[in-house]
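What follows is a single structure, written as structure tokens, with notes after it.
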Amino acid sequence: MLRKIMIAAVAAVVALSFTACSSLQVATTLNNEKITTAENATSLAHINGEIWGIYLFSIPLFTGSSTQPGRCAIFTDTVQVDNAVSMVTKKALNDFEATTVTDLTSERSSTWLLPFLVIWYNSVQVSGNAIR
């Protein structure tokens, strides 16, 4: 019985190591709508960034890489609003040459994972509009 539990735990760890714990999504199809009230500004894109992680109490086990979206970081606490804002603004600057990111919103959540008494899922999402 203990052997089966250990095999399942190792399989879960291996599966988590291959998941993308951070992501960026970009919407550029704005249908000629202006997503800002600023005069003489060009609306470029709406960008959403998410970072999530698995924690043992408050110790990070697997978290999303804030410097390389789509990758995981191990034993590094990257699930922070500051890191998600950095991902979104970097994407706006590098990919769209945006001069401003407006309407930044963030959401942070923390959820206890049943049936484990000591494992938590934390996530942070940030979205904003890239403007030039």
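Residue numbers (my numbering): 9 to 140.
Glycine is no exception: its CB is placed at the ideal position from the N, C-alpha and C atoms.
Could you give the distance in angstroms between the alpha-carbon of Ala53 and the alpha-carbon of Ala138?
5 Å
Residue interval of the beta strand (DSSP E) (run including Leu101):
That residue, Leu101, is in no beta strand (DSSP E); its alpha helix (DSSP H) goes Val89 to Phe104.
Neighbour-count burial assignment, Gly78, 16 or more Cβ in a 10 Å radius:
exposed
Roughly how many angstroms separate the alpha carbons of Phe124 and Phe104, rounded to a whole number?
43 Å
Using a Cβ-Cβ cut-off of 8 Å (strictly less than) and excluding sequence neighbours within five positions of Phe65, which residues of its own chain qualify?
Val126 and Trp128
Rounding to the nearest angstrom, what Cα-Cα distance links Asn91 and Ser117 in this structure?
15 Å
Examine the Cβ distances between the stretch 82 to 100 and the stretch 39 to 59 and report whether three or more of them are shorter than 8 Å.
yes
Is Leu10 helix, strand or coil by DSSP?
helix
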